[in-house]
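Quick notes on the structure that follows.
There are 2 protein chains.
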Amino acid sequence: MKKDAFYLPQGMIYLDGNSLGPMPVNAASRVQHTVNDEWKNLLITGWNKAGWYHQPRVLGDRLAPLIGATEGTVVIGDTLSIKVYQALAASLQMRPKRHVILSDTGNFPTDLYMAEGLIKSFDRGDSPTLELKVVEPESIADHLDESVAVMMLTHVDYRTGRMHDMAELTRKAHDKGVVALWDLAHSAGALPVHLTECKAEFAVGCTYKYLNAGPGSPAFIYVRPDIADSAEPALSGWMGHSNPFAFDRHYQAAPAIERMRIGTPPVLQMAALDAALDVWDDVSIVDVRSKSIELTELFIDEVERRCPELTLHSPRDAAQRGSQVSFTFDEGYAVIQALIAEGVIGDFRAPDVLRFGFTPLYIDNDDVLKAATILEKIMANRSWDQPAYKQRSAVT
Amino acid sequence: MKKDAFYLPQGMIYLDGNSLGPMPVNAASRVQHTVNDEWKNLLITGWNKAGWYHQPRVLGDRLAPLIGATEGTVVIGDTLSIKVYQALAASLQMRPKRHVILSDTGNFPTDLYMAEGLIKSFDRGDSPTLELKVVEPESIADHLDESVAVMMLTHVDYRTGRMHDMAELTRKAHDKGVVALWDLAHSAGALPVHLTECKAEFAVGCTYKYLNAGPGSPAFIYVRPDIADSAEPALSGWMGHSNPFAFDRHYQAAPAIERMRIGTPPVLQMAALDAALDVWDDVSIVDVRSKSIELTELFIDEVERRCPELTLHSPRDAAQRGSQVSFTFDEGYAVIQALIAEGVIGDFRAPDVLRFGFTPLYIDNDDVLKAATILEKIMANRSWDQPAYKQRSAVT
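In order, the protein sequences belong to chains A and B. The first sequence begins at 51 in the numbering used here and counts up by one. The second sequence begins at 51 in the numbering used here and counts up by one.
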């Protein structure tokens with residue numbers, strides 16, 4: 051749909067945009083401008099003159115339509131882990147008499163780790179009062195009760211691509227007075243999200259996957275506007291102060307979403323994000339979703355037909371699937387290495403998951419067919435069965 | 051000392067390196083390489099092949115000697131506010147029976163704000179047990195007692211440049227069983243710091259001031275090695291897990307300093323930091339300090355002689371002063387604007403502080419004399435007394 055807007059190395063079929071998106075062609079010049087014109091020539095005055103200071107809000111507003119949010123409800127900054135912590139802490143302060151954080155086994159580990167760390171530090175000394183309850187994805191609704199302060203879920207499962215029904219689960223959570231917190235890491239830029247409509251209190255996400263903003267690009271946080279003025283940010287840094295440059299002795303949270311800012315934002319990374327968001331000026335997320343379904347359906351059909359050794363690990367029903375397709379295979383790690391050697395970039399998730407992301411912005415049917423053909427050949431010839439492909443690196 | 055290593059706009063005398071350092075000449079190409087070679091061509095494999103994954107540790111090790119720390123004790127990431135929170139939370143967990151966070155009025159507001167937010171969220175529901183006690187800088191030692199869990203101080207005061215005696219206060223804190231946490235925002239790269247020697251448990255700092263790593267560059271955290279394996283990170287993200295890519299269900303802190311990592315690090319900002327650290331390959335921080343004292347002494351002498359309307363706000367004794375000089379004047383804001391219009395970049399800190407940073411890496415005696423001459427002219431002619439200079443912008 052926008053293949054020309056991205057740089058993709060010759061001969062590479064990149065099915066790992068769900069991990070790190072490729073470089074938008076305008077990203078290099080945008081970052082270079084920020085470094086070599088703005089920082090270089092404006093120095094400290096760049097915070098005003100180049101608009102760095104307000105960029106977290108400006109970029110939040112640019113991103114908002116992709117997740118069904120309105121102006122002034124999204125802000126950029128920090129990492130997804132930090133934004134999870136902020137949203138969790140604010141949720142707990144909204145429900146002081148409840149003690150459970152409810153999540154599921156399909157949540158990305160860092161979300162669960164952040165909850166564990168929060169509980170450990172909040173429950174200082176005395177007997178622990180907070181609890182992280184992690185259940186099967188299918189049983190979330192059964193565990194919503196008056197003990198639950200917040201339901202923290204990742205919309206699209208990072209391993210299987212299984213997608214929760216955000217509207218339905220949020221409604222059920224609200225029926226029990228539970229705050230809803232959605233992690234949109236595998237949703238933002240991949241499929242339409244309707245935050246305003248579903249009335250979730252909080253959402254967080256990253257921008258380096260389907261939003262293609264580059265390695266280590268900042269996260270985002272959404273707060274429902276009617277609660278934004280009372281949400282306690284917990285990580286209350288000076289950029290979230292109502293008047294940061296008054297250097298007041300006490301913290302006074304800024305109105306609305308601005309209070310979710312913490313420290314000095316990463317100006318170079320924001321420049322890349324700004325360039326990456328240009329792509330959406332003339333692409334509709336609805337069209338991206340239809341095409342994504344077409345691509346994932348095609349891949350499933352082709353791989354199941356050609357590679358009987360692999361077991362589909364994603365929902366077969368496209369309506370319950372995000373923009374990725376996963377298969378399991380005992381030697382999945384080696385297969386992914388063999389694929390990478392042939393120019394097909396997917397990734398592996400322990401213990402045995404082969405994961406392939408489909409981003410219609412730069413992947414088309416032809417790419418899907420080529421990838422399936424290469425995978426078929428690798429499986430048929432067992433060319434994955436080499437020591438070099440089985441040697442695991444520390445980072446994958 | 052290294053003027054050629056920085057880009058400084060023609061005719062500008064930049065005395066605001068204590069807010070944002072100028073661009074090192076090699077920063078632009080280093081960042082460009084990371085974007086336009088690494089991200090562009092390596093995509094997801096950059097985490098391994100370009101070493102992005104380990105960069106927070108590698109950069110921590112490069113920075114360590116500047117603050118008197120040893121290899122493996124410093125890691126890069128997030129913002130200073132976040133690192134303050136991590137160090138504070140870990141300190142409190144080390145002293146579960148104590149309830150006071152002791153700080154002073156000279157601390158940078160965000161440090162105090164983060165403490166306030168932490169207390170508010172940790173003391174959930176029940177009667178508050180934690181307390182932030184903020185006293186005058188001179189009386190810190192008098193307030194060290196068995197109620198204090200952690201002494202959180204900024205080494206060099208951002209307004210006055212007044213420097214605490216880190217060794218002495220740390221010793222006194224330890225005498226009372228108090229954990230010492232130092233904010234080195236105005237110290238790292240400005241003057242020698244002896245972390246190992248003074249035995250402080252924690253130190254944090256930013257890299258965009260005297261370390262010249264660019265707008266929004268990441269922070270650093272130091273943890274004394276003998277406690278690093280037991281320090282609770284509180285913000286327990288997956289990059290601080292002992293085995294992040296196992297995607298375990300439970301958080302298991304990595305050994306030593308690695309556990310203070312949280313989420314995905316900002317790769318483009320780290321590239322700029324890497325370039326900025328090159329400057330120290332052949333400069334000694336001891337020499338930087340001697341020259342800095344010479345420059346600040348010269349500026350104080352010249353300004354006091356030429357501008358009797360200004361009152362010195364920094365300690366007169368160089369041994370008690372960081373690398374900045376501040377003066378007060380009721381119309382300080384307008385004076386700073388008039389200076390900026392003449393190419394002398396200092397900054398203003400509410401309510402009436404004119405602040406000038408001296409970085410011998412790119413500032414010399416001639417710059418100091420020129421700046422003093424221009425300031426003298428502005429004061430003598432009252433050329434600051436114009437509506438345009440009194441109109442305050444939201445961000446300064």
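Yeah, the Cβ is synthetic: ideal placement off N, Cα and C, and Gly gets one too.
Could you compute how far the alpha carbon of residue i sits from the alpha carbon of residue j?
{"i": "V184(A)", "j": "W434(A)", "result": "35 Å"}
{"i": "D225(B)", "j": "I395(B)", "result": "43 Å"}
{"i": "T95(B)", "j": "D87(B)", "result": "12 Å"}
{"i": "C357(B)", "j": "A78(B)", "result": "39 Å"}
{"i": "A223(A)", "j": "H244(A)", "result": "16 Å"}
{"i": "W97(B)", "j": "P106(B)", "result": "12 Å"}
{"i": "M429(B)", "j": "N293(A)", "result": "29 Å"}
{"i": "T129(A)", "j": "I343(A)", "result": "29 Å"}
{"i": "F297(A)", "j": "A391(B)", "result": "25 Å"}
{"i": "P410(A)", "j": "V336(A)", "result": "11 Å"}
{"i": "V125(A)", "j": "A304(A)", "result": "13 Å"}
{"i": "A165(B)", "j": "L138(B)", "result": "7 Å"}
{"i": "V81(A)", "j": "A384(B)", "result": "33 Å"}
{"i": "R299(A)", "j": "D154(B)", "result": "10 Å"}
{"i": "K133(B)", "j": "F270(B)", "result": "7 Å"}
{"i": "L65(B)", "j": "G393(B)", "result": "10 Å"}
{"i": "V200(B)", "j": "L231(B)", "result": "7 Å"}
{"i": "V403(B)", "j": "T378(B)", "result": "5 Å"}
{"i": "H149(B)", "j": "V198(B)", "result": "6 Å"}
To the nearest whole angstrom, what separates the beta carbons of residue i and residue j, a pair I think is in contact under 8 Å?
{"i": "V329(A)", "j": "K53(A)", "result": "V329(A) to K53(A), Cβ: 11 Å. No contact."}
{"i": "L180(B)", "j": "L162(B)", "result": "Actually they do not touch by this definition, with Cβ atoms about 14 Å apart."}
{"i": "L32(B)", "j": "A263(B)", "result": "Because residue 32(B) is not part of the residues shown, which for chain B are 51 to 446, the question remains open."}
{"i": "A235(A)", "j": "A140(A)", "result": "About 19 Å separates the two Cβ atoms, so there is no contact after all."}
{"i": "L203(A)", "j": "H193(A)", "result": "With 8 Å as the limit, L203(A) and H193(A) do not qualify as a contact, their Cβ atoms being about 12 Å apart."}
For residue i, does the count of other Cβ atoms within 10 angstroms reach 16, so buried, or fall short, so exposed?
{"i": "E359(B)", "result": "exposed"}
{"i": "T346(A)", "result": "buried"}
{"i": "N415(B)", "result": "exposed"}
{"i": "N447(A)", "result": "Nothing about residue 447(A) can be read from this structure; chain A reaches only from 51 to 446."}
{"i": "D380(A)", "result": "exposed"}
{"i": "Q374(B)", "result": "buried"}
{"i": "A146(B)", "result": "One point to set straight first is that residue 146(B) is Pro, not Ala, in the sequence displayed. Under this definition P146(B) is an exposed residue."}
{"i": "G313(A)", "result": "buried"}
{"i": "K440(B)", "result": "exposed"}
{"i": "T220(A)", "result": "buried"}
Between residue i and chain A, is any beta-carbon pair separated by less than 7 Å?
{"i": "Q82(B)", "result": "yes"}
{"i": "V185(B)", "result": "no"}
{"i": "D66(B)", "result": "yes"}
{"i": "A368(B)", "result": "no"}
{"i": "A422(B)", "result": "no"}
{"i": "F172(B)", "result": "yes"}
{"i": "I312(B)", "result": "yes"}
{"i": "W102(B)", "result": "yes"}
{"i": "P72(B)", "result": "yes"}
{"i": "F297(B)", "result": "yes"}
At a Cβ threshold of 7 Å, is residue i touching chain B?
{"i": "P159(A)", "result": "yes"}
{"i": "V85(A)", "result": "yes"}
{"i": "G167(A)", "result": "yes"}
{"i": "G266(A)", "result": "yes"}
{"i": "K53(A)", "result": "no"}
{"i": "A281(A)", "result": "no"}
{"i": "Q319(A)", "result": "yes"}
{"i": "W288(A)", "result": "yes"}
{"i": "F408(A)", "result": "no"}
{"i": "K90(A)", "result": "yes"}
{"i": "P316(A)", "result": "yes"}
Can you tell me which of the three DSSP states residue i falls into?
{"i": "L411(B)", "result": "coil"}
{"i": "P106(A)", "result": "helix"}
{"i": "V353(A)", "result": "helix"}
{"i": "W434(A)", "result": "coil"}
{"i": "L182(A)", "result": "strand"}
{"i": "A253(B)", "result": "strand"}
{"i": "I312(A)", "result": "coil"}
{"i": "T220(A)", "result": "helix"}
{"i": "Y64(B)", "result": "strand"}
{"i": "F56(A)", "result": "strand"}
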